[in-house]
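All the letters of the sequence shown, read from the start, carry residue numbers 1 to 711 under the UniProt record's numbering. The beta carbon of each residue, even a glycine, is placed where N, CA and C say it ideally should be. One structure is given here, and the rest of the page talks about it.
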Amino acid sequence: MADTPIPALTFDLARQAIVLPGTEKAGYTPVYANAALPDVNLKSTTYDLFNMGRDINPQAPCLGRRPWIELPAGHPSGKKADFAPYFEWISYEQTEERRTAIGSALTHLGRNGALSPDGQSSVPAAEWHVALWCQNRPEYQIVDLANLAYSLITVSLYESTEPDMAEYILNHSETKVLFTTSNHLRAILDQIEKLPHLRLIVLLEDGKPDSTPLPPGVLSRSELVAGWVQTAQQKAQGSLSFFSWSDLLELGRANLAAHNPPTSGDQICSLCYTSGTTGKPKGALVAHRQLANATTNPTVHFPGSLVVISYLPLAHIYGRLVETSCMRAGSSIGFFCGDVTRLMEDCQILKPTFFATVPRVMNRIASLVNQQANGPGLKAKLLKHALEVKYANFDRDGTIHHAFYDRLIFSKVAAVLGGNIKYVVTGSAPARPEVLKLLKVCLRADIREGYGLTETTGTALMMWAGDKVLGTCGPPTFASWIRLKDTPELGYRSSDKPHPRGEVQVKGPSVFPGYYKDEAKTREAIDEDGWFSTGDVGELDEQGRFKIIDRVKNLLKLAQGEYVALERVESTYAASSYLAQLWVYGESTETHILAIAVPEPGPFAALASKVLGKTIAPDDIGALKAAVDSPEVTRAVLQDLARIGREARLNGYEIIKSLHLTVEPFSVENGLLTPTFKVKRPEAKKYFSEQIKKMYADGPVEFTSNKNGKL
């Protein structure tokens with residue numbers, strides 16, 4: 001499906017969004033569209049996007065990974081095997097061949113009855129759901145591309161998905177085919193009787209000789225064969241087939257079938273299950289038109305072929321959007337080794353030019369830089385002075401380069417991510433302006449904040465290049481129209497001066513059609529005119545840029561009748577350099593809010609050392625545990641949080657009055673975080689129930705009075 005090429009665009013930073021005529025309505029702002037390209041509705045499908053990138057240069061590297069290699073005896077690391085210090089690549093042409101082979105194999109198995117409960121030949125391709133439960137890897141993209149080429153529907157599970165949740169998703173989606181890795185195989189086979197729709201399991205590893213050291217989490221061939229598969233096939237009464245990746249490729253190559261691409265952009269290409277913080281996940285339908293239109297924005301804003309590190313979960317729409325956009329442009333995607341603690345090592349080998357990230361990662365990098373700048377010695381003073389010089393230059397005219405300090409200092413900071421970063425985009429949560437500024441001058445990169453949700457294909461707003469005003473998400477993206485809806489319960493109205501405020505609503509070809517098998521939730525989310533309500537409160541400035549300022553959801557009414565938007569308050573307190581994680585909680589029977597927090601080891605150790613009058617090392621876990629139990633240290637952190645709250649002009653009832661510190665991080669493993677690193681509020685409440693009871697029993701910690709009320 002050919003679309004008219006997008007013309008050369010003009011970007012006027014003083015006028016980034018325009019009002020669509022005739023869209024005024026009481027209780028809402030007018031509808032705003034991107035001023036550079038206000039009306040985009042591409043007819044392409046996601047199938048076409050890969051073909052666009054392939055046609056740019058079929059021989060260009062497409063998908064790469066660090067291979068697992070044996071190391072020579074006596075290697076300095078002491079290891080027998082490890083990930084290689086280089087990437088191996090397959091080209092766009094090779095990727096095309098493999099997706100055709102995988103799609104052909106599934107088509108062949110369908111025709112032979114292997115994917116039907118009655119064993120009859122069946123090729124209703126659009127009805128097949130093909131799931132992936134694995135870490136980011138080249139095979140993930142190959143399977144997804146195969147699904148696009150043969151009109152199958154991709155169902156993605158996070159690597160960290162628990163077995164019971166995997167069972168729910170596979171059954172809810174009625175998945176026929178599952179591609180997975182050996183670390184999940186046992187969980188699937190143990191509950192195979194509970195998965196009546198599953199007909200085929202494909203193991204993405206081919207098994208290694210037992211004598212070869214294996215990558216983390218990969219099981220040997222003997223472990224895989226030792227009764228598991230045979231037992232599972234018996235439980236499934238012979239209705240389950242099992243293939244290795246290489247065997248499925250060979251089956252497809254021997255039985256090639258023509259592509260069966262989608263004929264309409266409204267066809268569904270994926271089910272994206274939200275990692276919601278409460279209840280069962282919802283399966284958001286993703287249509288081909290959504291990704292085709294959503295990828296227009298990054299393709300225009302980050303032109304040319306890029307080198308990208310793949311580490312954001314592909315089960316999340318953000319990661320999917322980034323990599324689909326990159327393949328559309330003929331870019332190269334290098335996959336991280338699977339260990340997030342080695343991500344910087346992966347970057348230093350790959351040397352990416354584009355880095356998609358989230359505030360959590362950016363905050364961590366910024367904290368390390370600030371820790372060094374605020375430390376003792378000449379190097380710290382030099383770094384601090386260099387930052388001040390570059391900040392002044394940026395504030396004056398947006399300059400992020402400095403001939404002397406870049407060579408002397410900031411080239412070393414940039415080298416942490418490989419040294420070649422040109423573009424950074426951050427999303428999933430609001431980023432702190434001071435962090436964006438620090439990373440801009442340190443990395444010397446075009447860093448932009450965006451905004452989107454699963455239901456808007458990960459995009460709705462995006463900063464423009466050259467805009468030095470940080471803290472906004474920019475104007476609407478090319479395939480999105482935005483308006484603000486009055487939220488009087490929070491005091492936000494479209495008539496507010498000088499800036500209209502209200503709940504962000506999105507409409508356009510990048511908005512999803514609904515939730516799978518859930519008409520009620522779909523009607524709650526999308527009104528009769530096609531407007532999707534995000535649950536986020538936005539503010540619109542004179543240039544047409546939107547800023548996320550609050551949440552409609554997770555609204556707490558305190559005993560005195562005041563409302564607190566918990567996520568907005570958490571976002572404000574995230575500015576604390578002493579804390580790595582913070583969760584704010586309150587009860588409607590109480591008059592104040594409290595928090596559970598995990599310290600940032602370096603800055604927290606320095607604070608605790610000062611308060612307690614003795615040296616505490618950041619890596620001394622025993623000393624840190626003792627420090628978090630100290631009332632004096634807790635009070636010092638509370639005072640810093642109160643300062644942050646006052647500077648952000650929070651109301652007195654929004655100031656944290658009780659605090660519990662713990663050295664145990666919130667994590668996916670302990671059930672306190674979703675796979676997208678959002679706090680699971682019900683689980684956190686249960687997990688810290690005793691600490692919550694004690695804090696409320698002890699009462700609020702009082703400081704001094706200020707204009708916002710008594711602290």
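Secondary structure note for K517: it is in no beta strand (DSSP E), with a DSSP letter that is neither H nor E.
Residue burial is scored here from C-beta neighbours: E539 has at least 16 other C-beta atoms within 10 angstroms and is therefore classed as buried. Shown here, V469 sits in coil according to DSSP, grouped into three states, outside any helix or strand. Inter-segment contact for the region 323-342 and the region 146-155 is absent: fewer than three beta-carbon pairs are separated by less than 8 Å. Following the DSSP letters along the chain, one finds R289 in no beta strand (DSSP E) but inside the alpha helix (DSSP H) bounded by residues H288 to A294.
Close CB contacts of S160 within its chain, under the 8 Å cut and outside five residues either way in sequence, are with V668, E669 and P675 (chain order). In this structure, the alpha-carbon of K553 lies about 39 Å from that of I201. By the neighbour-count criterion, in which 16 or more other beta carbons inside 10 Å mark a residue as buried, P61 falls on the buried side. The closest CA to that of Y423, considering only Q135, R448 and T572, is found on R448.
Assigned with DSSP and collapsed to three states, D446 falls in strand.
Looking at the DSSP output, V340 shares a beta bridge with no other residue. Excluding sequence positions up to five before and after F478, its CB lies within less than 6 Å of the CB of N34, L37, V40, T296 and N297, all in the same chain and listed in chain order. Taking a contact as a CB-CB distance under 8 Å, the pair L240 and I192 counts as one, their CB atoms being some 7 Å apart. Rounded to the nearest angstrom, the gap between the Cα atoms of R360 and G113 is 47 Å. In the DSSP assignment, D190 falls within the alpha helix (DSSP H) that extends over S182 to D190.
In the three-state DSSP reduction, M462 falls in the strand class (E or B). For P488, the closest C-alpha among the options T472, K517 and V537 is that of V537. Boundaries of the beta strand (DSSP E) around R65: P61 to R65. Assigned with DSSP and collapsed to three states, S156 falls in strand. In the three-state reduction of the DSSP assignment, Q639 falls in the helix class.
About 33 Å separates the Cβ atoms of A465 and D486, ruling out a contact at the 8 Å cut-off.
Between the region 540-547 and the region 465-475 there are three or more C-beta pairs closer than 8 Å, enough to call the two in contact.
Around the Cβ of S77, a 10 Å sphere holds fewer than 16 other Cβ atoms; the residue is exposed. Per the coordinates, the alpha-carbon of I142 lies some 21 Å from the alpha-carbon of T263. Residue environment for Y86: exposed (fewer than 16 other C-beta atoms within 10 angstroms of its C-beta). Assignment of beta-bridge partners to V19 by DSSP yields Y32. In the three-state reduction of the DSSP assignment, L312 falls in the coil class. As computed with DSSP, D82 is found in a beta bridge with I69. Listed in chain order, the alpha helix (DSSP H) runs fully inside the region 376-402 are 378-397, counting runs of at least 4 residues. In this structure, L624 places its C-beta atom within 8 Å of the C-beta atom of P599. In the structure shown, the three-state DSSP call for C326 is helix. DSSP places H172 inside the alpha helix (DSSP H), whose first and last residues are P163 to H172. Between L203 and T180, the C-beta gap is smaller than 8 Å, which places the two residues in contact.
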